[in-house]
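Structure first, commentary second.
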Amino acid sequence: MQSRLVYMDHGATTPVRPEVYDYMKPYFSELYGNPSSLHAFGRKVRQAVEEARKKTAAAIGANPEEIYFTAGGTESNNIALRGTARKRAKPGHVITSSIEHHAVLDVCHDLEKEGHRVTFLPVDRYGRIDPDAVKKAIEKDTFIISIMAANNEIGTLQPIREIGAIAREYGVLFHTDAVQVVGQLPLDVNTINADFLSLSAHKFNGPKGIGALFMKKGAKIDPLYRGGSQEGKIRPGTENVPGIIGLGKALEVAVSEISEKKSKIETLRDRLIEGLSALGDVVLNGHPVERLPGNVNVSFKYIEGESVLLSFDMEGIFASSGSACSSGSLEPSHVLSAIGLDHATAHGSVRFSLGFGNSEEDVDYVLEKAPPIVERLRSMSPTYHAR
Amino acid sequence: MQSRLVYMDHGATTPVRPEVYDYMKPYFSELYGNPSSLHAFGRKVRQAVEEARKKTAAAIGANPEEIYFTAGGTESNNIALRGTARKRAKPGHVITSSIEHHAVLDVCHDLEKEGHRVTFLPVDRYGRIDPDAVKKAIEKDTFIISIMAANNEIGTLQPIREIGAIAREYGVLFHTDAVQVVGQLPLDVNTINADFLSLSAHKFNGPKGIGALFMKKGAKIDPLYRGGSQEGKIRPGTENVPGIIGLGKALEVAVSEISEKKSKIETLRDRLIEGLSALGDVVLNGHPVERLPGNVNVSFKYIEGESVLLSFDMEGIFASSGSACSSGSLEPSHVLSAIGLDHATAHGSVRFSLGFGNSEEDVDYVLEKAPPIVERLRSMSPTYHAR
Amino acid sequence: MYSEKVMEHFNNPRNVGELNDADAIGETGSFKCGDTMKLYIKVKDDRIEDIKFQTYGCGAAIASSSMLTEMVKGKTIEEALKINNQDVANELGGLPPMKLHCSNLAADALQDALANYRLKQQS
Amino acid sequence: MYSEKVMEHFNNPRNVGELNDADAIGETGSFKCGDTMKLYIKVKDDRIEDIKFQTYGCGAAIASSSMLTEMVKGKTIEEALKINNQDVANELGGLPPMKLHCSNLAADALQDALANYRLKQQS
Ligand SMILES: Cc1ncc(COP(=O)(O)O)c(C=O)c1O
Ligand SMILES: Cc1ncc(COP(=O)(O)O)c(C=O)c1O
Chain A
1 MQSRLVYMDH
11 GATTPVRPEV
21 YDYMKPYFSE
31 LYGNPSSLHA
41 FGRKVRQAVE
51 EARKKTAAAI
61 GANPEEIYFT
71 AGGTESNNIA
81 LRGTARKRAK
91 PGHVITSSIE
101 HHAVLDVCHD
111 LEKEGHRVTF
121 LPVDRYGRID
131 PDAVKKAIEK
141 DTFIISIMAA
151 NNEIGTLQPI
161 REIGAIAREY
171 GVLFHTDAVQ
181 VVGQLPLDVN
191 TINADFLSLS
201 AHKFNGPKGI
211 GALFMKKGAK
221 IDPLYRGGSQ
231 EGKIRPGTEN
241 VPGIIGLGKA
251 LEVAVSEISE
261 KKSKIETLRD
271 RLIEGLSALG
281 DVVLNGHPVE
291 RLPGNVNVSF
301 KYIEGESVLL
311 SFDMEGIFAS
321 SGSACSSGSL
331 EPSHVLSAIG
341 LDHATAHGSV
351 RFSLGFGNSE
361 EDVDYVLEKA
371 PPIVERLRSM
381 SPTYHAR
Chain B
388 MQSRLVYMDH
398 GATTPVRPEV
408 YDYMKPYFSE
418 LYGNPSSLHA
428 FGRKVRQAVE
438 EARKKTAAAI
448 GANPEEIYFT
458 AGGTESNNIA
468 LRGTARKRAK
478 PGHVITSSIE
488 HHAVLDVCHD
498 LEKEGHRVTF
508 LPVDRYGRID
518 PDAVKKAIEK
528 DTFIISIMAA
538 NNEIGTLQPI
548 REIGAIAREY
558 GVLFHTDAVQ
568 VVGQLPLDVN
578 TINADFLSLS
588 AHKFNGPKGI
598 GALFMKKGAK
608 IDPLYRGGSQ
618 EGKIRPGTEN
628 VPGIIGLGKA
638 LEVAVSEISE
648 KKSKIETLRD
658 RLIEGLSALG
668 DVVLNGHPVE
678 RLPGNVNVSF
688 KYIEGESVLL
698 SFDMEGIFAS
708 SGSACSSGSL
718 EPSHVLSAIG
728 LDHATAHGSV
738 RFSLGFGNSE
748 EDVDYVLEKA
758 PPIVERLRSM
768 SPTYHAR
Chain C
775 MYSEKVMEHF
785 NNPRNVGELN
795 DADAIGETGS
805 FKCGDTMKLY
815 IKVKDDRIED
825 IKFQTYGCGA
835 AIASSSMLTE
845 MVKGKTIEEA
855 LKINNQDVAN
865 ELGGLPPMKL
875 HCSNLAADAL
885 QDALANYRLK
895 QQS
Chain D
898 MYSEKVMEHF
908 NNPRNVGELN
918 DADAIGETGS
928 FKCGDTMKLY
938 IKVKDDRIED
948 IKFQTYGCGA
958 AIASSSMLTE
968 MVKGKTIEEA
978 LKINNQDVAN
988 ELGGLPPMKL
998 HCSNLAADAL
1008 QDALANYRLK
1018 QQS
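Here the protein sequences line up with chains A, B, C and D, keeping their order. Numbered per this note's numbering, the first sequence spans residues 1 to 387. Numbered per this note's numbering, the second sequence spans residues 388 to 774. Numbered per this note's numbering, the third sequence spans residues 775 to 897. Numbered per this note's numbering, the fourth sequence spans residues 898 to 1020.
Structural data, given as structure tokens:
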């Protein structure tokens, strides 16, 4: 029935690339030693883990001792924010944005409950944060600024370089949730003056369930979990060795191809945006230029996102509506609300996220299937007829 | 040079069994969808995740809705203890033992800093906790009792059934760190009346970096991490899908062979204990009968554990000294101190932990290599000559 | 997520459209999820002779709308008055818990249409 | 973890044993890790003619003991007095940071032996 399967949900997760998988493979059943073990078998695994740490560090301009492996982007965000908050003798002030991922936003809400104050900065209609607003929001006891490198839903890139400079100027810690950017765009922790940076392997063709937190030398946190002395006690527990090996390799590969991949994916992205816009009453959400190479987020007016998704799904096209994480919710996403979309437009939003493996043919296939889908749903819609 | 490689460190970690690995394999690069995604590709993965949850639940007599996947035993312990503590309006009292894993012990120390009171129960010379002591320790505001099912260093099994009954009688929550027992011995959450139970896949021939927390229906915690709505918000973040699939399968396989494996491994264990004891001045640590099927923990008098390990290592025999996690420490382990070993005896302790794949030949090989190793080190030891 | 029956109705919804000569129109909207529905009925001898719908909404909302029109067509007004959202969900082979409220939409629109019809009769 | 040289000395330690006709004996123990060492020296014409050791301890402790005896043998007392734990660690090609204190053991035992020798000479 389906002539083609087109995965355009790379913002949600990505496949492990074959060469990455091959690299991880021996660590399941052959080199399975515990890296904390004293014996030769454990020491060999320890070496591989440290090799992966070096690769990860190199990819973002960090030192290996500044990389702590975690279970993913969510954990990295939680450790950075709650860890710095816990370190304080008394509650303080946090600056973040209103369009962060829930793994930042909800931690901040929780910090508020614990007595901290949080400023959630607004964004413009493209989803951009104004660095000046960050500067103005700084208070005497502001201890951390957490601004994402790029938004996962609408793909808008943030001026993290400027924000990092402000953080340094005022002596405030700077954390960036770079889960959507690492492996997609060049990024250097020194250039952006990050004290903390979160990344997650499954967003750059590495395995799920493994991430890393960059924590600048000298930065201090009070870890959330207690246990063994792994990962400098920042993240205790037997290391997810195959995951770590996979993360290191995936990042090495991704970074080595970054400029080539970027221009290829951007070309596909723009072709898709153009084709969808031609349908009429389709609006692009997010910034027209300052956006992730693979992100296409559009609102189909008069119809609802889930119906659109289901219809594409039936044609073998896999996309998402808002972020996968919030799919359980009925409310339109906080990001689409923050950029000022009305309820109906927000509800009609669909994200196509392109990545490694997508081709021109994939885009053409989507553009071939889109018109009848949109037409059919609009024909059923009372708001379309009443327009 | 080495005629054989003998891995006897299954207490630290185990290899992923081939059939488990094969089962996980498609979820890296083929069925890589995000289980939270709406599309068919994500829904298929969701199904597999729920299948794994059912398997995990079935293995310990739980309902699937009572299983929450985590990143390992450490995280499960942290969530159970800190999560129940955070739920309280004011500090309370916790009962645990002095021989818990650091992932319980150190959380408890941290809870003390936050105003809670903790009773660390002593153990007898075999490492057993007295259920009566648990009962006596209960105070008005005791909110949780956390006692491990078996100790990871000396292998002693705890009377968790009795302790669970006491917890129920007094209306106190009961958590058991069953990381060393799940998959090795029959265990049912109903029989032991557990409200929380921690398990970790890499201890039963599943992958590293994945574990589960059983949380009884109705039990409530305040989760540590915030983010997406995965795992009932107990543990947000994109699911480690291959890990979850591997955990479910590994546990299913382990439980299906449990009685067969148990008697095989116990036979090997007893043969090893007997053979090592015959060397003279070798003491068995832990309980002679109530112990994990695969655990052999002995102290070689007059010589130091690390030297013994290194010597075995050179013969291709991989064992450990105390727990892998605390290998960074110079102090003798808290467990060996708790059972009353003097400094020197504690320092001479070595753990051989047998598991899937070990054979009679492996045991014979260890018993062949042990005498010259022990003899050589003793010949160098001033304390041996002064005895 | 959705049953086969839901998907079947979503893909091939029955009775989509408007009725120019409708005897009554029902309208409803969910503030929560933004879904809206418009229901047209044609009544003859106290029986719902024809029915059509327009729906803006998710898969569950569209399928519920379609299902409802099938259930109602040919029924007497009295019979139609008894149909509630649970009946619609049941006929569809169940809906995911968080989507249950979407079947409200269809049942509510029906009740609205029937009420409007009565009002018109009385005036 | 350990350098090849450490492992080589651990496996084939030089000068293990006792000297029945020792001119002095040095002893030391680390309270921290429980390691203990006994060092026997035979001195002729102010030169350490023979040296033997017994050590209870980890790989680093045994290797340091062996290394120290090699470094000391044939040296004058004055030269021997200058040897410290860092020298021993360096000769071994380095030790893991947390094992550095194990090389103290050997250097301390030497100093103890030399002090004992002096005392004996003076008495
Ligand atoms: C911007 C952003 N931050 C954090 C996360 C969470 O990462 P993970 O699901 O690996 O925990 C995601 C992805 O879901 C994301 O897109
Ligand atoms: C009894 C016990 N609890 C907890 C843990 C921690 O498990 P993990 O390393 O998977 O986090 C271990 C193993 O290291 C253990 O043996």
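Note that the Cβ used here is the ideal one computed from N, Cα and C, for glycine as well.
Of all residues in the segment 906-919 of chain D, the ones placed with a Cβ closer than 9 Å to any Cβ belonging to chain B are Phe907, Asn908, Pro910, Val913, Gly914, Glu915, in chain order. Proximity of chain A to C:Gln828 at the Cβ level (cut-off 7 Å) is accounted for by Met380, Ser381, Pro382, His385, in chain order. Beta-bridge partners assigned by DSSP to A:His343: none are found. Of all residues in the segment 206-221 of chain A, only Pro207, Lys208, Gly209, Ile210, Gly211 come within less than 9 Å of chain B when Cβ atoms are compared, listed by chain position.
According to DSSP, residue pairing for A:Ile95 in a beta bridge involves A:Thr119, A:Ile145. In the structure shown, C:Gln828 falls within a strand segment according to DSSP collapsed to helix, strand and coil. B:Ala565 has its alpha-carbon roughly 49 Å from the corresponding atom of A:Glu162. In the DSSP assignment, C:Ser839 is bridged to no other residue.
At least 7 Å separates the beta-carbon of C:Asp820 from that of C:Ile799.
Assigned with DSSP and collapsed to three states, B:Arg613 falls in coil, not helix or strand. Per DSSP, reduced to three states, the secondary structure at A:Phe300 is strand. Classified as exposed, A:Thr191 has fewer than 16 neighbouring CB atoms from the shown chains inside 10 Å of its CB.
Scanning the segment 197-264 of chain A from its first residue to its last, the whole alpha helix (DSSP H) runs of 4-plus residues come out as 241-256. Contact residues of the segment 174-189 of chain A toward chain B are absent (C-beta to C-beta distance below 8 Å). Three or more Cβ pairs closer than 8 Å define a contact, and the segment 986-1004 of chain D falls short of that threshold against the segment 911-921 of chain D. Take C:Phe784, set aside five residues on each side of it, and the residues of its chain with a beta-carbon closer than 6 Å to its own are Gly833, Ile836, Ala837, in chain order.
Taking CB atoms only, C:Thr843 has no neighbour in chain A less than 7 Å away. Residue A:Leu310 holds the alpha-carbon nearest to the alpha-carbon of A:Gly348 among A:Leu310, A:Phe356, A:Ala40. For A:Phe28, the enclosing alpha helix (DSSP H) has its first and last residue at 26-29. At the C-beta level, B:His503 and B:Gly470 stay beyond 7 Å of one another. Residue pairing by DSSP places A:Asn295 opposite A:Ser353 in a beta bridge. Comparing alpha-carbon positions, the option among A:Pro207, A:Gly61, A:Thr74, A:Val20 lying closest to A:Leu105 turns out to be A:Thr74.
Comparing alpha-carbon positions, the option among A:Ala103, A:Arg226, A:Arg351, A:Leu197 lying closest to A:Ala59 turns out to be A:Leu197. Sequence-distant partners of A:Gly357 (beyond 5 residues in either direction) whose C-beta falls short of 8 Å from its own C-beta, in its chain, are Tyr7, Pro15. For the pair B:Arg515 and B:Gly727, the CB atoms are not nearer than the 7 Å cut-off.
In its chain, beyond the 5 residues on either side, Tyr126, Arg128, Thr156, Leu157 have a beta carbon closer than 8 Å to the beta carbon of A:Glu290.
Interface flag for B:Glu691 against chain D is set, since a Cβ pair is found closer than 7 Å. In this structure, the alpha-carbon of A:Thr176 lies about 13 Å from that of A:Ala165. Nothing from the segment 18-37 of chain A brings a Cβ to less than 9 Å from some Cβ of chain C. Not one heavy atom of ligand 1 sits closer than 6 Å to the Cβ of C:Gln895. With 16 or more other Cβ atoms from the protein chains shown falling within 10 Å of its own Cβ, B:Leu586 counts as buried. Those residues of the segment 623-650 of chain B placed with their C-beta closer than 9 Å to a C-beta in chain A are Pro623, Gly624, Thr625, Glu626, Asn627, Val628, Pro629, Gly630, Ile631, Gly633, ordered along the chain.
Where A:Thr70 is concerned, there is no enclosing alpha helix (DSSP H), although the beta strand (DSSP E) around it starts and stops at 67-70. With a contact defined as Cβ atoms closer than 8 Å, C:Leu866 and C:Val780 qualify at about 5 Å.
For D:Glu924, the uninterrupted beta strand (DSSP E) run begins and ends at 921-926, by DSSP.
For ligand 2, no non-hydrogen atom lies closer than 6 Å to the CB of B:Val510.
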